[in-house]
Every structure is written in structure tokens, then in C-alpha cells.
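In UniProt numbering, the protein residues as written are 1 to 180.
For each residue, glycine too, the CB sits at the ideal point set by N, CA and C.
Encoded structure:
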């Protein structure tokens, strides 16, 4: 995929706020080697506030990505709501070591925001992806049935009925002795 479509030419823009819109699909993420999405449909609105010595980039993405549940492996659409702010300054050389500050060399006339859009969306995905049907109990799945079947059987013993190892009981007494 050509990432030139994500260039923002700021040299000819007047000072003030300028709006840009980018549509991110699965091909966009695959161009970065990221193949965890079955499909993606994310719209990112970018507001560029150009000033005399610096620029502010405010990026807000919304939409959904289709991912597989980490528990059942069932595909589902996960809503995306992500944002990122970057301050762009000009200096002697390119520097993007700080995640909130981008330094472009004097004389640059455009910047490519593809990497920032990619990071913003990918980092907004939770580490554990759980199908919403698991949480509300509406998902019917062979995997869930098997997990329920293999679940350890609950006993009727309460915590007080279980005999405690005497070593832990001694430690418990030490803790209460210190509080006196």
C-alpha cells in the first residue's frame, strides 16, 4: 500500500486550523506487517493547527476492527475510539524519540502521519480481547461449553471449614501481634 496518501503538505497552508480525514482499512495495517485484524474500518480526523513556530496535530480515530476473541477464537467487531496529540517543531535534524514531540528539519514542507495513525490504533486495542457475548452471556460457542464442562467442581466447604496449614496460622498470629 502506498503511504504517500498520508502525507500532509503544510508548507502552503496559512496559519490556523486545517482538517484532514483518513480512512484506515486492513491493507493499511498489513503494510506495517500487522495482521491481527480480520478487517478494519477506522476513520481518523486530523486537525493541524499551524502557528508561526510550531504545529499541533490532534488525531482522533473511531470505527471498528474485526478481531478474534482470545477465549473462544470467535471473530467480533471491536469498537475503536483512540486519540493522540503531537507537537511539531522545527530544528536542525529529524527527531521523533519523544512520543509527544516531533522535530522536523528546517525546510521540510510535508510530513507523513501513517506511522502515528498506525500506533494510535494498535495501541488502543486491549491486551486481552474478549467477545462481548461472553460478558453478557449471549454467546453460544463449543469452546465455552467445553470450558464450562472442564471447570473445577465447586465444593460446599467455606473458607472457615478448610484446615489452614499451621505455618500460615503462625504467620497470621505474627501479623496480629504487631498491630497491638
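Beta-carbon spacing of residue 60, residue 45 below 8 Å: Sequence index remark: in the chain shown, residue 60 carries index 60 (1-based). Sequence index remark: in the chain shown, residue 45 carries index 45 (1-based). Contact annotation: residue 60 and residue 45 have beta-carbon atoms nearer than 8 Å.
Pairwise C-alpha distance: residue 125 and residue 77: In the chain shown, counting from the first residue as 1, residue 77 sits at position 77. In the chain shown, counting from the first residue as 1, residue 125 sits at position 125. Roughly 12 Å separates the two Cα atoms.
Distance between beta carbons of residue 38 and residue 66, contact taken as under 8 Å: Counting from one through the chain shown, the residue named residue 66 turns up at place 66. Counting from one through the chain shown, the residue named residue 38 turns up at place 38. So it is a contact: roughly 4 Å between Cβ atoms.
DSSP state of residue 105 mapped onto helix, strand, coil: If you number the chain shown from 1, residue 105 lands on position 105. Strand at residue 105.
Local conformation of residue 19 per DSSP, three classes: Against the chain shown, residue 19 aligns to sequence position 19. Three-state DSSP puts residue 19 in a strand.
Proximal residues to residue 168 (C-beta, below 6 Å), its chain only, five neighbours per side dropped: Position 168 of the chain shown, counted from the first residue, corresponds to residue 168. Cβ neighbours of residue 168 within its own chain (closer than 6 Å, five residues either side excluded): none.
Residues of its chain near residue 9, where Cβ-Cβ distance is below 8 Å and the 5 sequence neighbours each way are ignored: By one-based count along the chain shown, residue 9 stands at place 9. Sequence-distant partners of residue 9 (beyond 5 residues in either direction) whose C-beta falls short of 8 Å from its own C-beta, in its chain, are 109 and 110.
Alpha-carbon spacing of residue 84 relative to residue 172, whole angstroms: Taking the chain shown and counting its residues from 1, one reaches residue 84 at position 84. Taking the chain shown and counting its residues from 1, one reaches residue 172 at position 172. Across the structure, residue 84 and residue 172 are spaced so that their CA atoms are roughly 48 Å apart.
Run of the beta strand (DSSP E) containing residue 43, from where it starts to where it stops: Here the question's residue 43 lines up with position 43 in the chain shown. Residues 39-50.
DSSP-derived helix/strand/coil call for residue 13: Taking the first residue of the chain shown as position 1, residue 13 is located at position 13. Looking at residue 13 - three-state DSSP - the assignment turns out to be coil, as it is neither helix nor strand.
Residue 86 and residue 42 closer than 8 Å at C-beta: If you number the chain shown from 1, residue 86 lands on position 86. If you number the chain shown from 1, residue 42 lands on position 42. Not a contact, by the Cβ cut-off of 8 Å.
Helix, strand or coil at residue 152 [DSSP, three-state]: The residue labelled residue 152 in the question sits at position 152 within the chain shown. The DSSP-derived three-state label of residue 152 is coil.
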